[in-house]
Structure formats: structure tokens, C-alpha cells
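Scroll down for the structure; my scribbles are underneath it.
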Amino acid sequence: MSTPDKTPPSHFIRQIITKDVSEGKNGGQVATRFPPEPNGFLHIGHAKSICLNFGLASEYDGTCNLRFDDTNPEKESDEYISAIKSDVEWLGFEWAGDIRYASSYFDKLHGYAVQLIEKGLAYVESLTADEMREYRGTLTEPGKNSPYRDRSIDENLDLFARMKAGEFDQGSMVLRAKIDMSSGNINMRDPVIYRILKVEHHQTGSDWCIYPMYDFTHCISDAIEGITHSVCTLEFEAHRPLYDWVLDALETPSHPQQIEFARLNLNYTITSKRKLKQLVDENVVSGWDDPRMPTIAGLRRRGYTSSSIRNFCEMIGVTKSDGTVDMGMLEFSIRDDLDKNAPRAMCVLQPLKVVIENYPADARETLSVSAHPKNEAMGVREIHFTKELYIDQNDFAEVPPPKFKRLIEGGEVRLRGSYVIKCNEVLKDADGNVIELRCSYDENTLGKKPEGRKVKGVVHWVSAETAVDAEVRMYDRLFTSENPDGDKEVSFLDVVNPESLVVLQGCKAEPGLAKAQPEKPYQFEREGYFVLDGKDASSDMLVFNRTVTLRDSWAKISG
RNA sequence: UGCCGAGUAGCUCAACGGGUAGAGCGCAGCACUUUGAAUGCUGUUGUUGUGAGUUCGAAUCUCAUCUCGGCUGCCA
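Residue numbering for the first sequence follows the working numbering, starting at 3 and increasing by one per position.
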């Protein structure tokens, strides 16, 4: 990516912070946080938030905390915590100090809840969940006060203490903030702030049987950590009045400012942790890190680089309008990166044998080919020219379509980095399938244009003698629908692309590819960008994942 | 028939003390080319959701109206 002296474009959050800093608000400091719930893997939408929060912190010379918002032990687990940590690190960000956990504030949170009760601003509710729903009213009708709303402070204190002590059954009581049952904002209709959950917590074990709700926890956690700008997504907009209410009601160390931005939507993909989990649980994909998943782990295994993802996040901007980004943008950002940084290699995906009739059977020439056409610093690689070669089946046509410029019977083509060959004869099997091409090479065309004619086509190839076998996994978008989630009649599970993974066996790779490493991408010339699979490749079997194809204007011409 | 938010090129975004709209992606064409890639050049599309008003002048200010999104978990 070309980034010289390019200041990042401003957006509304940068403007707010710039203004705050210049006015000396918060002592001119900036402190943000990225607060995932450990209930699934992070996805590309989280990457946007991570880049925003950590990016803002570093731009303003501030800090960004990584805090697990772990207030619902029923859905959370430790395995997600470690996955999230490594995703954030891989993206290239460093959190300030130790990792934070909302659960480590449980004592303080409990104290604040007691403080709220003492101020007459919270009460213990004994209505059932169903009754509470009825009392809450609807979007167009106000709610009505609970008969338990006016319990005395002492009674509330006693009841809350006994909730904490485990005297009551799960679901029998909750602690509610006493705000306004007629508010137009349903979040303000006496929201629940503590519930009984007789569940072990992955961090605090069996210390607690009551757990604070998000709205109560998040703002206080931010305040405890001295967060200055609490950046979150649009769906929390209606929660902001509650965020502010809690902090105004309590004597907290600070009062951060919540700012909402539009979450990322990408076409042809889903960014819902719940649905992503469903794909994993129902074995539609091989796991959270399946290369087709829009998770950070999946993109990483697929061959995306962290810088391409960071770049993408900068490219799409930050606003309050809820739009859908074209997949093409993500693909642009990875191609842009890999075109510059991935060494080139040749790999024949669907081999077709080629025999050079005028080349001696026992000869072998070693050719030095540059690893990158525009970057000599990347060095050279060695490939071999021998009597028997492979080219791709797609690069030969018995009946060429219009404008076809690869190999045809009687025609010539350049073998990339090598000689021009001519196809003299086509051999077929009993079913009429082309199984071998008998060709001749022009010995005067190595590094030279052929004399007296023009050869337009260039084709990738490999020596049958020195090529190494490989499995290549051709990945494509996971869904056939632009908006897999958009149709209420059709489940996203029904629009999974059956060709999102096509496994090619018996591919022939140039010998240097035997030393491929995970996360070290290559461009397979004329095919796309590929990377060794980090999980399934072994010392005796190369397995490559296709990250993305090359731009393909031929596909547009040929349909 | 509530509250909140958003509506600028196909997509993502700029234009922020009012002066008839720009970029990236995409797309098209040309050049170059031992990747039908990359690169370079050129070009493309907008009655700034709509209708009024203020003004010499409005994407920017005012009013009205329409459309879309979020909100009725003891989820986050």
C-alpha cells in the first residue's frame, strides 16, 4: 500500500477527540478500550472496531485497554479469551498494561449497586420475567410501575444481600434501576442491573451467584479505567442515556463519553457471532478458523495479512450511517498488499502433460527466474526445463474461443520465464479427453523474442521431473447471496455456496514451493495468491489455500 | 401508530463560519507487458431522498414530507 506522507482522512470521531484534546478535556488525554465478550471468535467487523480504538489511542498518544466484557458466564469461555488475545496481537496492536476483565470489578460493581439502593435509585423486583414484560409497555405505549417499586431502602438492601447470598432461586428476583417507566426510551424503563445466575464463571468460579448486566457494568468499567472516549456501535445509541444516568447517579472516578459509529456490514458474508457459531456447530465449516469464515482467524488462515485488514478498515471510513461495504474492497486491499509483497511462483493446478519432442530426455536446464517482476531485492528462484512438463488444462483449447491467446494445436505459446513452444500433436484417450501434448521448443527464444513472428500468449508451467505435488484448496465466497441474512423466508444456511471450497489434488508446484511456510504468501502466476495452510499441511503434503484470485479481465471477456 | 439515528456518484466516504460537488473502489477505453496480473494515462455516472422557504447564491440554514435502520432479553 502506498502510504507515504498520507494523513488519515478525518472522520467525526477524530473530530470530536481533536476538539476535546485541544480544549484540554480529560487533561488532554485519550484513553479508549476494546471490550469484546468472550463468547465467540472476533470477525472482520470487530477488526474495524479494534483498528478504530487502538488506532485512535496511538494517533493521540493515548492508551487502549483490552477488556473482556464477561458478565454472562452462560455463554462465555476461556478458549475464546485466548483466541481473542491472539487475534488482537496478530492485527498488530498492543493493549495498555494487563488485560482487563469486567469480572474483576464485580466487587466494586456490587458496591455501586448498593450505593444506588441507598440513594433510593434501585429496587429489588419480585415480578416474574413475563410480568415485567407486561409492565414494561410497548414501543408506543408507556409502561407502568411495578408494585414492588416502592419497597423501602432497608428492605431492598436486605433482599439484595440475600440475592447475593444465594437465598433465592435463579429468575425469582432482579435488581432494577428506578428511572422512568413512561420513558420513550425503553432502556430507561427501570432496567434490570443485576440478575441471579447460579452458574460458574470462567474467571471468578463460584464466587458469585448474581451477575451485573451490561448497561450497569460497561459504563462503570469505563469509568474505573479512566476511559475518555467509549466508542461503540450504533445499536447502543439508545443505551447512552442509561450509560450517562448510571454515572451521574453514582460517585465514580470519571464520566467517559460514549460515541457510536456504524458497524461494518460486508456483502456476501455474515457478521453475527451467533450465526457464525451456528456454521461451526453445524459443521458447515471446519471451525471458527475455517478459511471461508470472516473471522480474523479465518482470514489469517486464508492468507490475508494483518496490514491489508488494517488498510481496509482505514479505507472504509467511520460514520454513523449504516451501509454495506462491497467484498471487492476487502479483496482490493489484500491484492494490493500481496502484489507488492508476495514472491511469485508457478503451480499447475490441473496438469496436462507436455512432451518436448526436440529436447533430449536426459537433459535438464536450470533457469533463474526473478521472484518479483518489479522488485529485484526479492531475488531469484530456480526452476527446471526438461523434456516432460506440465501446463494447465485451461491453457490449451482444441476449439479456442474468440480472442483466446494460449496454446492451440499448431500454435505457439511462451512458457513463462522460459522458451516458446509449439504444439505439434494432441493425444487423446479412448473417451476423447486430451491427455498429452507433443510439442517442440524454439531454442532461440530463451530471454528473447522469437524471430519473424509474434507470440502473444504466456503460460505457466512446471517440470514434470522436478515438480512437487500439492493439494490446493480453492476458496470462494461462503454465500451465494449478496445479503445472506436479508431474506426472512430463506435462512443463511440455505444460501451457502456449495463451491465455496473446491479441493484440487495432484497439483504440480515448482520445487521451491516445497519450503513454503504458513503466513508467507505467494502469487501463483496467472492464478492468484496462495498460502500454505497452517493446520493441514505436513512435511509430506503441501496444502495451499487460495487467498484471492488475480483480477481477471479474461473472465469478463469470455464470460 | 413512540423514541433515537441515517439519507451526497453502482459501493465506501469527502466537501463542516452558505459560493452551482470530489476521492478511493468498481466500470470503460488506450498505452505498456514473457502474469489476460501489475503499472501509467483518459474517461464514466450525481436534479446532494423529496417539496417548499430564507438568500444574489444552499449538499450546507429553516419548515414540511418520504424512505431505511435500531430499540419492547433476567444478551452484549
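In this text, a Cβ means the ideal position worked out from N, Cα and C, and glycines have one as well. Just so it is clear, the structure is predicted and the values come from calculations on it, not from any experiment.
Starting from MET476, trace the beta strand (DSSP E) in both directions and tell me its first and last residue.
Where MET476 is concerned, the enclosing beta strand (DSSP E) stretches over 470-477.
Helix, strand or coil at ASN28 [DSSP, three-state]:
Shown here, ASN28 sits in a helix according to DSSP, grouped into three states.
Could you please give me the residues that DSSP links to VAL497 through a beta bridge?
Paired residues: none, contrary to the question.
Beta-carbon proximity check, PHE108 vs THR206, cutoff 8 Å
Contact flag set, yes.
By Cβ distance, which residues of its chain are closer than 6 Å to ARG416, with the 5 residues on each side in sequence left out?
Only VAL422, VAL457 and VAL460 meet the Cβ criterion.
Do the stretch 159-178 and the stretch 195-204 meet, that is, are 3 or more Cβ pairs less than 8 Å apart?
Yes, the stretch 159-178 is in contact with the stretch 195-204.
Reducing DSSP to helix, strand and coil, say where ASP171 ends up.
ASP171 sits in coil when the DSSP states are folded into three classes, being neither helix nor strand.
Go ahead and label LEU141 buried or exposed: buried means 16 or more other beta carbons lie within 10 angstroms of its beta carbon, across all protein chains shown.
So LEU141 counts as exposed.
Is it buried or exposed for ILE272, if we count other Cβ within 10 angstroms and need 16 for buried?
The residue in question, ILE272, is buried, as its Cβ has 16 or more Cβ neighbours within 10 Å.
Outcome for GLU127 when other beta-carbon atoms lying within 10 angstroms are tallied against a minimum of 16:
Within a 10 Å sphere around the beta-carbon of GLU127 sit 16 or more other beta-carbons, which makes this residue buried.
Verify whether the separation of the beta carbon atoms of SER208 and GLY145 is less than 8 Å.
Not in contact: SER208 and GLY145 (Cβ atoms no closer than 8 Å).
What does THR368 pair with, by DSSP beta-bridge criteria?
DSSP lists HIS386 as partners of THR368.
Determine contact between the stretch 379-399 and the stretch 346-358, defined as no fewer than three beta-carbon pairs at a distance below 8 Å.
Result yes; three or more Cβ-Cβ pairs closer than 8 Å.
DSSP beta-bridge partners of TYR443:
As DSSP reads the structure, TYR443 sits in a beta bridge with ILE423.
Below 8 Å, can you find three or more Cβ-Cβ pairs linking the stretch 494-510 to the stretch 424-435?
Short answer: they don't touch.
Quick check: the Cα distance between LEU439 and PHE36, rounded to an integer number of angstroms?
PHE36 has its alpha-carbon roughly 59 Å from the corresponding atom of LEU439.
Who are the near neighbours of GLU400 in its chain, counting only those whose CB is closer than 6 Å to its CB and skipping five residues on each side?
Result list for GLU400: empty, nothing under 6 Å.
By the three-class DSSP mapping on this structure, what secondary structure does THR65 have?
Three-state DSSP puts THR65 in a strand.
Would you call the stretch 297-309 and the stretch 219-230 in contact, with 3 or more CB pairs under 8 Å?
The stretch 297-309 is not in contact with the stretch 219-230.
Ordered along the chain, which non-local residues of its own chain (more than five positions away) have a Cβ less than 7 Å from that of ASP328?
Cβ contact annotation for ASP328 (same chain, cutoff 7 Å, sequence separation greater than five): ASN269, in chain order.
Taking just the CA atoms, how far does LEU177 sit from ARG164?
The alpha-carbon atoms of ARG164 and LEU177 are separated by roughly 12 Å.
Here's the rule I'm using: 16 or more other beta-carbon atoms within 10 Å means buried, otherwise exposed. How should SER335 be labelled?
Classification for SER335: buried.
Use the C-beta contact count for ASN74: other C-beta atoms within 10 angstroms, 16 or more gives buried, fewer gives exposed.
So ASN74 ends up on the buried side.
Given a cut-off of 8 Å on the beta-carbon distance, is the pair LEU266 and GLY47 in contact?
Cβ distance < 8 Å, so LEU266 and GLY47 count as in contact.
With DSSP run on the structure shown, which of helix, strand or coil describes VAL194?
DSSP places VAL194 in the strand class (E or B) of the three-state scheme.
On the three-state DSSP scale, how would you describe ASP554?
Three-state DSSP puts ASP554 in coil, outside helix and strand.
Identity of the residue in GLU136, GLU316, VAL470 and LYS77 nearest GLU202 by Cα:
With distances taken between Cα atoms, GLU202 lies closest to LYS77.
Could you tell me the distance, in whole angstroms, from the CA atom of ASP538 to the CA atom of LYS451?
Distance between the alpha carbons of ASP538 and LYS451: 42 Å.
Give a yes or no on contact between the stretch 129-138 and the stretch 77-92, applying the rule of three or more CB pairs nearer than 8 Å.
At 8 Å Cβ cutoff, the stretches do not touch.
Report all residues from its chain with a CB closer than 6 Å to the CB of SER4; omit the five preceding and five following residues, and keep chain order.
Interpretation of SER4 is limited by its pLDDT of 31, a score under 50 that renders its predicted location unreliable; the figure taken from the coordinates is listed afterwards. None.
Straight-line Cα distance separating ARG191 from ASN343:
Rounded to the nearest angstrom, the gap between the Cα atoms of ASN343 and ARG191 is 55 Å.
For CYS211, which of helix, strand or coil comes out of DSSP?
Reduced to three states, the DSSP call for CYS211 is coil.
In angstroms, rounded to a whole number, what distance separates the CA positions of PHE398 and ALA472?
Rounded to the nearest whole angstrom, the CA to CA distance from PHE398 to ALA472 is 22 Å.
Quick check: ARG16 and ASN67, are their CB atoms within less than 8 Å of each other?
Their beta carbons are not under 8 Å apart, which means ARG16 does not touch ASN67 by this criterion.
Would you report the Cα separation of ARG153 and ASP160, rounded to the nearest angstrom?
C-alpha separation (whole angstroms): 11 Å.
Please confirm whether ASN187 and PRO243 have their CB atoms less than 8 Å apart.
Yes; because the gap between Cβ atoms is below 8 Å, this pair is in contact.
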